[in-house]
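This report refers to the structure that appears directly beneath it.
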Amino acid sequence: MAHNKVGNTIGAPGRFCPGKDVSLGVLPQVHIFGLSSCTHFTFFAGIANLVMPKFRGIEAMIKTIIKYRISVWWLVPPQVVLLCKDPCIPAYLDELRKVARFAMVGAAPLSDDLSRQFTKRFPELDWGQGSGMTETCSVTTMFPIGEPAVMGSAGRLISNTEAKVVDSQGREVGYDELGELWLRGPQITLGYTNNEQATKETFLPGGWLRSGDEVKITRQDDVFFIDRLKELIKVKGFQVAPAELEGFLLDHPDVSDCGVIGVQDEAAGELPFAFVALSQDARKRTSSAGKGEEDAIKQSILKFVADNKVRYKHLCGVAFLDAIPKTASGKILRREMREMAKKLPAEAVQEKRKVVAKL
Numbered sequence: 001m002a003h004n005k006v007g008n009t010i011g012a013p014g015r016f017c018p019g020k021d022v023s024l025g026v027l028p029q030v031h032i033f034g035l036s037s038c039t040h041f042t043f044f045a046g047i048a049n050l051v052m053p054k055f056r057g058i059e060a061m062i063k064t065i066i067k068y069r070i071s072v073w074w075l076v077p078p079q080v081v082l083l084c085k086d087p088c089i090p091a092y093l094d095e096l097r098k099v100a101r102f103a104m105v106g107a108a109p110l111s112d113d114l115s116r117q118f119t120k121r122f123p124e125l126d127w128g129q130g131s132g133m134t135e136t137c138s139v140t141t142m143f144p145i146g147e148p149a150v151m152g153s154a155g156r157l158i159s160n161t162e163a164k165v166v167d168s169q170g171r172e173v174g175y176d177e178l179g180e181l182w183l184r185g186p187q188i189t190l191g192y193t194n195n196e197q198a199t200k201e202t203f204l205p206g207g208w209l210r211s212g213d214e215v216k217i218t219r220q221d222d223v224f225f226i227d228r229l230k231e232l233i234k235v236k237g238f239q240v241a242p243a244e245l246e247g248f249l250l251d252h253p254d255v256s257d258c259g260v261i262g263v264q265d266e267a268a269g270e271l272p273f274a275f276v277a278l279s280q281d282a283r284k285r286t287s288s289a290g291k292g293e294e295d296a297i298k299q300s301i302l303k304f305v306a307d308n309k310v311r312y313k314h315l316c317g318v319a320f321l322d323a324i325p326k327t328a329s330g331k332i333l334r335r336e337m338r339e340m341a342k343k344l345p346a347e348a349v350q351e352k353r354k355v356v357a358k359l
């Protein structure tokens, strides 16, 4: 990662953040999003940046926001979930709404359902999503303040950046068609240290970088991220995006957070399986009522999906966790959940197999 590559992205948000703002630096600065937003961007924009050494819970974060009148928020999806669903929020909501001016959400895509919840909670907040990669020195798309939010969009390309969408055969596709996002620009890094094979597969001739993300780009140049190509669940030939189901599950009253993976199935190839962190109310009910209440909640979640999604997106099972495993930047660690799923009893992933097999 050469210095001039980093320099090409530093100015991207500067025009969106006047010097009077105060930024919240709660993201880990060992991650490219935290490094770029909390260090590089804020210095370039000339705004104050208050650094929290560690995320110590949503209530500690919002108390800091209110105390120091922090108007610019750099957020990751787990924090958005907490701002929408944590029971402590209503007590602080009026003050939060007074200080909040601009927020950008990155590291992973937000579902439409969660985006609507966040907008409803902060109706006057100018906010949007952005996207980037370590290989692009962070940001490649973002939503500028003052423009109408487009639900589900990760924004538009920043200056000096090119993109194209390519199908599985290597052919460039048009607007509103799905494919892998390829990027080109002066911020693209040089490659992977001591990994010639990975560099060759990702950094292509002509200066193009394969992102590994399935996207579509509209005629208005909005970029919509569907999911990581390697994380799509293949159910009898149909592709299921875990992020879609995760966003939907967050609307269930007993779900505080969740992660969806594919588990192997002889008939379908794979089936969606959900790990769920329960809401505080649901945890109280299960601790007092025991396994019977746990089973009732699982069936409620399975039915919630079955009643609202096409059959190949139905869950084959649900398991509860205290917390969904994630990276420091908020990305779900699906590989850890896949290992957990392997250790579950067989009956845990068979609850809906007969139904899904009717595809």
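Start counting the sequence shown at 1; every next residue gets the next number (UniProt numbering).
All C-beta atoms, glycine included, are put in the ideal place defined by N, C-alpha and C.
| said: Going by beta-carbon coordinates alone, are F248 and Y312 separated by less than 7 Å? | reply: What you label residue 248 is simply residue 248 of the sequence shown in a count that begins at 1. What you label residue 312 is simply residue 312 of the sequence shown in a count that begins at 1. No, the pair does not count as a contact, with Cβ atoms beyond the cut-off.
| task | Taking only heavy atoms of the ligand FMN into account, decide whether any of them is closer than 6 Å to the Cβ of V310. | result | This structure does not include the ligand FMN; it has no bound ligands of any sort.
| Simplified DSSP state of A45, which is helix, strand or coil | The residue you call residue 45 lines up with position 45 of the sequence shown. In this structure, A45 counts as helix in the three-state DSSP scheme.
| Quick one: any contact between the segment 145 to 158 and the segment 111 to 126, if contact means 3 or more CB pairs under 8 Å? | Three or more Cβ pairs closer than 8 Å define a contact, and the segment 145 to 158 meets that threshold against the segment 111 to 126.
| said: Taking 7 Å as the threshold (C-beta atoms), are V166 and P177 in contact? | reply: Along the sequence shown, one-based indexing puts residue 177 at 177. Along the sequence shown, one-based indexing puts residue 166 at 166. The sequence shown places Glu at residue 177, rather than the Pro named in the question. No, the Cβ-Cβ distance between E177 and V166 is not below 7 Å.
| Distance, G317 Cα to Q264 Cα | The residue given as residue 264 occupies position 264 in the sequence shown. The residue given as residue 317 occupies position 317 in the sequence shown. Straight-line spacing of the CA atoms in Q264 and G317 works out to 12 Å.
| query | Who pairs with F224 in a beta bridge, going by DSSP? | reply | To locate residue 224, count along the sequence shown from 1; it is residue 224. Within the DSSP bridge table, the entry for F224 names K216 as partners.
| task | Let me know the secondary structure DSSP gives K343 once reduced to three states. | result | Sequence index remark: in the sequence shown, residue 343 carries index 343 (1-based). Looking at K343 - three-state DSSP - the assignment turns out to be coil, as it is neither helix nor strand.
| Counting along the chain, where does the alpha helix (DSSP H) carrying R311 start and finish? | For the purposes of this step, residue 311 is identified with residue 311 of the sequence shown, where counting begins at 1. Where R311 is concerned, there is no enclosing alpha helix (DSSP H), because DSSP gives it neither an H nor an E.
| request: Go through the segment 174 to 200 residue by residue and report every complete run of the beta strand (DSSP E) that reaches 3 residues or more, in order. | output: For the segment 174 to 200, whole beta strand (DSSP E) runs of length 3 or above, ordered along the chain, are 179 to 184.
| field | Buried or exposed by the 16-neighbour rule on C-beta atoms within 10 Å, applied to R56 | value | Stepping through the sequence shown from its first residue, residue 56 is reached at position 56. Here R56 is exposed. Its C-beta has fewer than 16 other C-beta atoms within 10 Å.
| query | What first and last residue would you give for the beta strand (DSSP E) that runs through C38? | reply | The sequence position of residue 38 within the sequence shown is 38, counting from 1. The continuous stretches of beta strand (DSSP E) do not include C38, and DSSP gives it neither H nor E.
| Coarse secondary structure for L82, derived from DSSP in three states | Residue 82 sits at position 82 when you count from the first residue of the sequence shown. DSSP places L82 within a helical segment (H, G or I) once states are collapsed to three.
| task | Spell out the partners DSSP gives S131 in its beta bridges. | result | For this step, residue 131 is matched to residue 131 along the sequence shown. S131 is bridged to T141.
| said: For the segment 57 to 75 against the segment 99 to 108, do three or more pairs of beta-carbon atoms, one drawn from each stretch, fall closer than 8 Å, so that the two count as touching? | reply: The segment 57 to 75, when compared against the segment 99 to 108, does touch it at the 8 Å Cβ threshold.
| task | Give the DSSP-derived three-state secondary structure of L359 in the structure shown. | result | Here the question's residue 359 lines up with position 359 in the sequence shown. Low per-residue confidence applies at L359: pLDDT is 36, beneath 50, and the placement is therefore not dependable enough to give any value.
| message | Using DSSP's beta-bridge definition, name the partner residues of E246. | response | Translated into the one-based positions of the sequence shown, residue 246 becomes position 246. In DSSP, E246 forms no bridge with anything.
| request: Kindly indicate the opening and closing residues of the beta strand (DSSP E) around I70. | output: Counting from one through the sequence shown, the residue named residue 70 turns up at place 70. Looking at the DSSP string, I70 is not in any beta strand (DSSP E), and its letter there is neither H nor E.
| Distance, Cα to Cα, V276 vs P205? | To locate residue 276, count along the sequence shown from 1; it is residue 276. To locate residue 205, count along the sequence shown from 1; it is residue 205. In a straight line, the C-alpha of V276 is about 42 Å away from that of P205.
| Burial state of S288 (16 or more Cβ within 10 Å) | On the sequence shown, residue 288 is found 288 positions in, with the first residue counted as 1. S288 is exposed by the Cβ-count criterion.
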